[in-house]
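Here's the structure we're looking at; comments come further down.
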Amino acid sequence: MKRTIYLTAIIGFIITTPLFFCSPKNMQPPNEIALGKQLFFDSILSSTYKLSCASCHKPEFAFADTSAVSLGVHNRKGVRNTPSAMNVSNAAFFFWDGRAATLEEQALMPISNPVEMNLPVDSAV
240 MKRTIYLTAI IGFIITTPLF FCSPKNMQPP NEIALGKQLF FDSILSSTYK LSCASCHKPE
300 FAFADTSAVS LGVHNRKGVR NTPSAMNVSN AAFFFWDGRA ATLEEQALMP ISNPVEMNLP
360 VDSAV
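Structure (structure tokens):
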């Protein structure tokens, strides 16, 4: 009996998960996707104009980093490993410590962080 309930729950999860993540309400308009991609790879969002989000969230490594701790502007060391940015639009929280509740809130924090990109948000807007 327990095994049947367990298997039913697993199968239900496998079947319904793709429906949730692929539903039209979670899809972004193509123009927003294009803008996000452009900003993600643009180094204008760092104070030295040398770093972009992709400097640490490397596409070839599932949008994560191979270094234990990434280097920011002026080769300043961060304090944590860069988490993967892959498929995070529906995440419940952001950063390893959960300090950002939304993707929009998260996007501004590395830009203004003095170790990471070191650009005041007012200058980025």
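Quick note, my numbering runs 239 ahead of the 1-based positions in the sequence shown. By construction, the Cβ of each residue, glycine as well, lies at the ideal position given by its N, Cα and C atoms. Here the structure is a predicted model, which means the values were calculated and not measured.
Q.
Output needed for Ser-351: all residues of its chain with C-beta closer than 7 Å, excluding positions within five of it in sequence on either side, in chain order.
A. To locate residue 351, count along the sequence shown from 1; it is residue 112. These residues qualify, in order along the chain: Leu-358, Pro-359, Val-360.
Q) Comparing alpha-carbon positions, which option in Ala-330, Ala-293, Pro-349, Phe-332 lies nearest Asp-304? A) Numbered from 1 along the sequence shown, position 65 holds the residue referred to as residue 304. Per the Cα distances, Ala-293.
Q.
If you reduce the DSSP assignment to three classes, tell me which class Phe-333 lands in.
A. Within the sequence shown, residue 333 is the residue found at index 94, counting from 1. If DSSP states are grouped into helix, strand and coil, Phe-333 belongs with the strands.
**Q.** Residues bridged to Ala-346 (per DSSP)
**A.** Your numbering for residue 346 matches position 107 in the sequence shown. Ala-346 is not bridged to any residue.
Q) Can the beta-carbon of Ser-282 be found less than 8 Å from the beta-carbon of Lys-289? A) On the sequence shown, residue 282 is found 43 positions in, with the first residue counted as 1. On the sequence shown, residue 289 is found 50 positions in, with the first residue counted as 1. Taking 8 Å as the Cβ cut-off, Ser-282 and Lys-289 qualify as a contacting pair.
(Q) Applying the 10 Å Cβ sphere with the 16-neighbour rule, what's the burial state of Glu-344? (A) Looking up residue 344 in the sequence shown gives position 105. Answer is exposed; the Cβ neighbour count stays below 16.
Q | Alpha carbon of Ser-323 to alpha carbon of Ala-363, nearest angstrom | A | The residue given as residue 323 occupies position 84 in the sequence shown. The residue given as residue 363 occupies position 124 in the sequence shown. So the alpha carbons of these two residues sit roughly 23 Å apart.
Q: Indicate the three-state DSSP secondary structure (helix, strand or coil) for Ser-289 in the structure shown.
A: Counting from one through the sequence shown, the residue named residue 289 turns up at place 50. The question names Ser, but residue 289 in the sequence shown is Lys. Of the three classes helix, strand and coil, the one that applies to Lys-289 here is coil, per DSSP.
**Q.** Rounded C-alpha distance that separates His-296 from Val-312
**A.** Here the question's residue 296 lines up with position 57 in the sequence shown. Here the question's residue 312 lines up with position 73 in the sequence shown. If you take the alpha carbons of His-296 and Val-312, they lie about 15 Å apart.
Q.
Contact defined as beta carbons within less than 8 Å: I believe Met-325 pairs with Ala-339. What is the distance between those atoms, to the nearest angstrom?
A. By 1-based counting over the sequence shown, the position of residue 325 is 86. By 1-based counting over the sequence shown, the position of residue 339 is 100. At roughly 17 Å, the Cβ-Cβ gap does not stay under 8 Å, so Met-325 and Ala-339 are not in contact.
Q | Leu-358 (DSSP reduced to helix, strand or coil) | A | Here residue 358 refers to the residue found at position 119 of the sequence shown. Correct three-state label for Leu-358: coil.
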